[in-house]
Amino acid sequence: MTPLRDRDSSLTSTALLLQGSIPVAFGTSVAVSIVAFIGGFPALAMPAPLFLSLLLAVILAGGIVAGRSLPGGILCAALGGTGAGLITLLILGGLFFEVAGGEAPSTPYFRALGFIALCTSVSAVGGAISRGGGRAVDDVHRFASVAAIATLVLVAIGGLVTSEEAGLAVPDWPTSFEANMFLLPLSRMVGGVFYEHAHRLFGALVGLTTISLAVFLWLADGRRSVRIIGAIVSVQVVIQGIIGGYRVTLAEYGETVGSLALRVFHGINAQFFLTLMVLLVVMTSRSWRELTPRADERAMTDRTIGNLALLAAIAQLLLGALVRHIDRMWVMPHILGAFLVVVGVIGCAVRATALHNDCAPLRRNGVALLIAVLLQLVLGFVSLAITSPVAARAESSGLLETLLVTAHQTLGALILAGIACHLAWILRLLPLAKAVRHRSPHAG
114 MTPLRDRDSS LTSTALLLQG SIPVAFGTSV AVSIVAFIGG FPALAMPAPL FLSLLLAVIL
174 AGGIVAGRSL PGGILCAALG GTGAGLITLL ILGGLFFEVA GGEAPSTPYF RALGFIALCT
234 SVSAVGGAIS RGGGRAVDDV HRFASVAAIA TLVLVAIGGL VTSEEAGLAV PDWPTSFEAN
294 MFLLPLSRMV GGVFYEHAHR LFGALVGLTT ISLAVFLWLA DGRRSVRIIG AIVSVQVVIQ
354 GIIGGYRVTL AEYGETVGSL ALRVFHGINA QFFLTLMVLL VVMTSRSWRE LTPRADERAM
414 TDRTIGNLAL LAAIAQLLLG ALVRHIDRMW VMPHILGAFL VVVGVIGCAV RATALHNDCA
474 PLRRNGVALL IAVLLQLVLG FVSLAITSPV AARAESSGLL ETLLVTAHQT LGALILAGIA
534 CHLAWILRLL PLAKAVRHRS PHAG
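Everything in the sequence shown is counted per the working numbering, starting at 114 for the first residue and increasing by one.
As structure tokens, then:
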């Protein structure tokens with residue numbers, strides 16, 4: 114797939130401007146939201162001047178990226194900044210719309226407009242600094258990457274919610290304490306409420322990003338497979354949000370079998386969702402489009418090992434969810450499952466480096482997977498060592514335990530996505546030799 118701006122010279126400059134600025138707007142908004150989450154993290158207590166400086170730096174960086182790679186320079190950067198400001202109100206709306214004593218009801222709206230104007234001007238300054246030449250970029254791949262990063266962060270925040278047992282800290286849905294979810298004062302985001310409400314807000318951002326990406330894919334990428342995956346993830350993210358909310362309402366008077374089942378499904382579906390988002394990143398990459406497949410008699414073995422590794426990773430995901438959400442009696446099967454995943458990944462990595470060293474994506478993916486599973490083993494055993502049954506049932510665990518267990522869960526999600534991508538690369542670059550001979554009688 115060629116970037117739309119290179120493929121259709123009949124597009125107006127306005128259309129090109131919009132096409133290029135939309136991924137930048139979402140990317141900047143996601144980055145600002147990540148900074149906002151880190152800045153509000155209870156254990157950090159980030160000073161307000163540092164927090165504001167980081168926000169401005171992120172917005173400026175978004176403008177620089179837009180100016181360097183997109184036509185239109187300052188105008189494109191400014192447009193991206195405006196979009197970022199509007200989108201970021203999903204996350205920071207409570208900061209601007211909290212009415213203090215003696216304030217006029219219209220004051221919060223002026224604050225919000227001022228924030229949008231600030232994003233626009235700072236991003237425009239970044240566009241001016243960059244002095245870009247408008248070199249060609251792949252807007253679809255950029256947008257897919259932004260959506261995947263946002264999804265990864267959301268999975269990590271969801272892990273923090275589980276680790277802190279904060280899933281019911283906000284007892285109602287779709288409202289938050291019977292108020293508009295997006296306008297809940299940030300002053301109320303303390304303790305478990307911070308984790309759960311941040312999870313909801315970031316989930317809304319990921320939902321908007323995913324649905325926008327699906328529309329973007331439909332307009333800018335003609336491949337049926339990419340469009341289908343885009344449609345699937347857009348439906349999946351809506352279902353994920355509804356399941357998460359319904360789980361809260363179902364558990365209003367305490368955990369039930371139904372709410373626990375939804376809890377497990379919500380956690381598993383999140384990782385499948387991340388896997389599809391990462392697949393979109395791979396399938397919209399230049400390497401995926403440009404590399405030429407080559408017939409290989411050993412491709413069937415690679416496919417078999419890749420499929421077995423993927424099945425082992427899916428089973429391991431289920432076992433991990435049972436440990437996290439149901440009972441620690443599943444720890445031993447989870448440990449045994451980890452070694453099956455390691456064996457599968459070693460098989461993928463060894464074959465990729467020894468037999469297909471000339472296939473750069475396979476080689477890089479295999480090595481990255483091997484490093485990831487070794488690190489995952491370390492994280493898993495360390496997490497197990499510092500976790501006791503009493504601590505696992507506690508309302509709030511220690512910070513170190515929370516971070517380690519969440520890192521273990523998040524890396525596990527990345528490993529599942531990595532194995533799926535490895536299998537996708539095998540299917541893309543190593544077609545079965547028999548199939549190739551069928552298509553070409555002259556193939557050796």
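Where is the CB? At the ideal position from N, CA and C, for every residue including glycine.
Please read these numbers as outputs of a predicted model, since none were measured by experiment.
Per DSSP, which residues does residue i bridge with? Please list them.
| i | result |
| --- | --- |
| residue 292 | 289 |
| residue 409 | 545 |
If I'm right that residue i touches residue j with Cβ under 8 Å, what's the distance once you round it to whole angstroms?
| i | j | result |
| --- | --- | --- |
| residue 395 | residue 534 | 5 Å |
| residue 269 | residue 523 | 5 Å |
| residue 225 | residue 141 | Contact doesn't hold; Cβ gap of about 17 Å is too wide. |
| residue 203 | residue 327 | Their Cβ separation, rounded to whole angstroms, is 18 Å, which puts residue 203 and residue 327 out of contact at 8 Å. |
| residue 430 | residue 384 | 6 Å |
Which same chain residues, not among the five before or five after residue i, have their C-beta less than 6 Å away from its C-beta?
| i | result |
| --- | --- |
| residue 559 | Not covered by the structure: residue 559. The range shown for the chain is 114 to 557. |
| residue 562 | Because the chain here runs from 114 to 557, residue 562 falls outside it and cannot be looked at. |
| residue 444 | 436 |
| residue 261 | 390, 391, 394 |
| residue 187 | 237, 240, 241 |
| residue 264 | 319, 387, 390 |
| residue 465 | 475, 476, 479 |
Could you have a look at residue i and say whether DSSP puts it in helix, strand or coil?
| i | result |
| --- | --- |
| residue 283 | coil |
| residue 256 | helix |
| residue 137 | helix |
| residue 194 | helix |
| residue 224 | helix |
| residue 500 | coil |
| residue 327 | helix |
| residue 297 | coil |
| residue 340 | helix |
| residue 539 | helix |
| residue 347 | helix |
| residue 54 | Summary: the structure shown does not reach residue 54, with the chain confined to residues 114 through 557, and so no result is reported for it. |
| residue 391 | helix |
| residue 398 | coil |
| residue 403 | helix |
If I measure Cβ to Cβ from residue i and keep anything under 7 Å in the same chain, skipping five residues before and after, which residues do I get?
| i | result |
| --- | --- |
| residue 281 | 361, 364 |
| residue 520 | 492 |
| residue 323 | 260, 346, 347, 350 |
| residue 486 | 454, 455, 458, 528 |
| residue 191 | 233, 236, 237, 240 |
| residue 536 | 419, 420, 423 |
| residue 426 | 454, 528, 529, 532 |
Spatial neighbours of residue i within its chain, please: CB distance less than 8 Å, with the 5 preceding and 5 following residues excluded, ordered by chain position.
| i | result |
| --- | --- |
| residue 148 | 164, 167, 168, 171 |
Mind checking whether the beta-carbon of residue i lies closer than 7 Å to any heavy atom of the ligand ATP?
| i | result |
| --- | --- |
| residue 167 | Among the ligands in the structure shown, none appear at all, so the ligand ATP cannot be discussed. |
**Residue ranges of each alpha helix (DSSP H) within the region 434 to 482, 4 or longer** = 444 to 467
**Request:** Output the residue ranges of the beta strand (DSSP E) runs that lie fully inside the region 143 to 212 and measure 3 residues or longer, sorted by chain position.
**Result:** Under the rule that a run must span 3 or more residues, no beta strand (DSSP E) segment is found entirely inside the region 143 to 212.
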